[in-house]
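Undergrad:
In this note's numbering, the protein residues as written are -1 to 222.
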């Protein structure tokens, strides 16, 4: 039995089916795992259970604590109790697609930043009148480990930033990051790459969860 990395009961999974009758991607959850089979809930669309054919090849994808995983399988049989579901053949191999925190999404969302002093964790003064205010811009892409955004100003690599993201539920959460790249663009301005240096696990989980939800949304719309 291959080790099903981080796959446990109640794990949410995505099923990709190539059968012309049911071609598409569906969501389900793991019900049970034994030495021979993986049991999943029968996916439903608009309240209707999907009657996949036996021996249908599928690709299963799921998010673990440390990575995104995928494997190939087939549908072995159907069952009705305790709830409708399918038994899948255990995979010969589980592929680790990408480390969870590094799954990156190209998207534009509001971002607010300001330069800070690392030793004191306070904003650097822009002038004698007071502290430097947040500057609003938009992300170019984002992951659980960092962000890339556009800026009108040049900032030195290794400079420290205080960042807030325009994501629902974490708008006021402060993230500390370090500039790892600042590339001038031909059309003007700079492309800034930031690695998150200090971020709470709860905020990071919210960002990662949002990224995967958005990726699934784009997949359903045929945009990814």
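Glycine residues also receive a C-beta, built at the ideal position from the N, C-alpha and C atoms. In this text, all values refer to a predicted model and were calculated from it rather than measured experimentally.
Mark residue 86 as exposed unless 16 or more other C-beta atoms lie within 10 angstroms of its C-beta, in which case mark it buried.
TA: With 16 or more other Cβ atoms within 10 Å, it is buried.
Undergrad: Cα separation between residue 161 and residue 208?
TA: 17 Å
Undergrad: Select from 178, 182, 89, 184 the residue whose C-alpha is nearest the C-alpha of residue 194.
TA: Of the candidates 178, 182, 89, 184, the one whose C-alpha sits nearest the C-alpha of residue 194 is 178.
Undergrad: Rounded C-beta distance between residue 20 and residue 48? I'm assuming under 8 Å.
TA: 6 Å
Undergrad: For residue 0, I'd like the list of residues in its chain whose CB is within less than 7 Å of its CB, leaving aside the five on either flank, ordered along the chain.
TA: Because the pLDDT of residue 0 is 48, which lies under 50, any placement of that residue in the model is unreliable, and the question is left without a value.
Undergrad: Determine the extent of the beta strand (DSSP E) in which residue 230 is found, giving its start and end residues.
TA: The first residue shown for the chain is -1 and the last is 222, placing residue 230 beyond what the model contains.
Undergrad: For the 8 Å Cβ check, are there 3 or more pairs between the segment 146 to 163 and the segment 183 to 200?
TA: yes
Undergrad: Taking residue 201 and residue 173 to be in contact with their CB atoms under 8 Å, please state how far apart those CB atoms are, rounded to whole angstroms.
TA: 7 Å
Undergrad: What residues in its chain sit with their C-beta under 6 Å from that of residue 110, if we drop five residues either side in the sequence?
TA: 132, 134, 162
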